[in-house]
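Everything below concerns the one structure shown next.
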Amino acid sequence: MQGAVPDEAWALAGPRVRLRRLRAADTAAFHALRADPELGRYQGWSALSLAEAAAFIAAVATPEATPFCPASDWLQIAIADTTSDALLGDIGLHLHADGQALEIGFTLARAAQGRGLAAEAVGLALQAVWSGTPARRVLGITDARNAASVRLLQRLGFRPLATLEADFRGERCTEHHFVLHRPGRAAPALRAATPADAAAVARVLIESRRVLLPFLPQVHGDEDVAAWVAGTLLPRGGVTVALVDGEVQGVLATALDPADLPEPAGWIEQLYVHPAHVGAGLGRALLAQALRTLPRPVRLYTFQANGQARAFYEHHGFVARSFSDGRGNEERCPDALYELPAAQSR
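Below, the structure written as C-alpha cells:
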C-alpha cells in the first residue's frame, strides 16, 4: 500500500476501498475524474485544469487546512483502492450550518463502476458521519435521469424526501431528494393535539408546504395559517400530533363527512410531517393511527404533482378514484381523490 493510513478516525477501510484525504500524488487521477464529461453530466462540479486540480487538493490535503466536515463548507475526500491505494473517486460532504443535516455527493471513475465499490465507499462515509459529526440526517440529491445514483441511495436505505423541479446549468431538470436518518432514533410518540400545540402545528404545516410543495401558490400568509389552526382546526377536534424528542413534528387531522351518511366515510384532511423528519416513520405512524380510528372507506385528496404523497398512499393500498383540474381547491392546482376501500383496509 502506498503511503501510511492517515491517523484520523474517519479514514475507514473496507474490503475493497478505503477513505482518506486527497493528496498531491492523486493530482493526475483527480484531474482525469474532473475531465470526464460523462462523469460530470449530473454533477455540480465543473472540469478542472491540472493546475486547478493540484490547487484544490492542496486546500484539503491536511487536517490543519480542512478539518473533517466543517460546518457550512464542502469537504472532498478520496475513495482509494484498499490494496493499491490508487484513487478511484471522491466523496463530497457538506454539513449544514445548524449541524443537523449533511449533504453527500459521490463520484466514481467509470472503470471502477458496476462492482459495488461506490456503495461500499458511501457506506463507510456514512459510518464516519454518524461517528464524527452531530448530523441527525444525511441528504442525497440526484438528477432523476441518474438511475445509478438513485439505485445506490435506495440500496443504502435512503428514503424519498421530495421530487422537485430545479435549474441545472441553465436547464430545467427534475431532482430526487433522499434522506437517511441517524440510526437508533426512537419511534415517534402520538397524542391528541391540545390548544397549546397551535403554534407547533402551524409550523409543521407551513414548513412542509414551503419545502416539499414549492409548486403551490401561497394562498394564505403564515399568520393566517396560524390563526386558522388555533381558531378552526384544533377546536373542531380529530387532530393527532407526532412528537420527536417532545416536539411536534407531524400532524394528522381526520373527520367524518355527514354528506356520506347513512354510512359515513372517514377522511384524512391533513397529514403533514416536518421536512426535517420525513422518512423517519412519522407519516407511517400517523397513517396507521388514522386507519385505526376511521371507518372505511377512507378518503383523502392530494395534489397530482405531489408524487411522494401519491406513492406513499398507493403503497398503503389507496387507489386514485378521480382527478380534477383543481378548480375545487384554494390553490387551483390539479388534485386527485384517493380511497382505501373497506376490503383493502390494513
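Just add 1265 to wherever you are in the sequence shown, counting from 1, and you've got the working numbering.
Just so it is clear, CB atoms sit at the ideal spot from N, CA and C, and this is done for glycine as well.
When 1386, 1569 and 1573 are compared, the shortest CA-CA separation from residue 1279 is found for 1386. DSSP places residue 1459 outside any alpha helix (DSSP H), giving it a letter other than H or E.
Per DSSP, reduced to three states, the secondary structure at residue 1289 is helical. Contact between the region 1439 to 1452 and the region 1404 to 1417 is established, with three or more Cβ pairs separated by less than 8 Å.
The DSSP-derived three-state label of residue 1583 is coil.
In this chain, the beta strand (DSSP E) harbouring residue 1433 covers 1424 to 1433. In this structure, residue 1360 keeps its C-beta atom at 8 Å or more from the C-beta atom of residue 1407. When DSSP states are grouped into helix, strand and coil, residue 1349 belongs to the coil group.
Annotation: residue 1570 to residue 1591 spans about 11 Å, alpha carbon to alpha carbon. Counted as a single uninterrupted DSSP element, the stretch harbouring residue 1387 is not any beta strand (DSSP E) but the alpha helix (DSSP H) occupying residues 1382 to 1397. DSSP places residue 1504 in the strand class (E or B) of the three-state scheme.
1565 is the residue among 1299, 1565 and 1283 whose C-alpha sits nearest the C-alpha of residue 1534.
Rounded to whole angstroms, the gap between the alpha carbons of residue 1438 and residue 1462 is 38 Å. In the pairwise beta carbon analysis, the region 1316 to 1333 is classified as not touching the region 1377 to 1384: fewer than three pairs are separated by under 8 Å. Looking only at 1596, 1605 and 1576, the smallest Cα-Cα distance to residue 1584 is reached by 1605. Judged by their CB atoms, residue 1494 and residue 1466 are nearer to each other than the 8 Å cut-off. In the displayed model, residue 1543 falls within coil according to three-state DSSP, outside both helix and strand. Contact between residue 1562 and residue 1518 does not hold, since the beta-carbon distance rounds to 18 Å and is not under 8 Å. According to DSSP, residue 1598 shares a beta bridge with no other residue. Looking at the backbone, the Cα of residue 1501 and that of residue 1469 are separated by about 19 Å.
A residue is called buried when at least 16 other Cβ atoms come within 10 angstroms of its Cβ; residue 1459 does not meet this threshold and is exposed. Taking the Cβ atoms as the reference, residue 1289 lies roughly 15 Å from residue 1342, outside the contact range of under 8 Å. In the displayed model, residue 1565 falls within a strand according to three-state DSSP.
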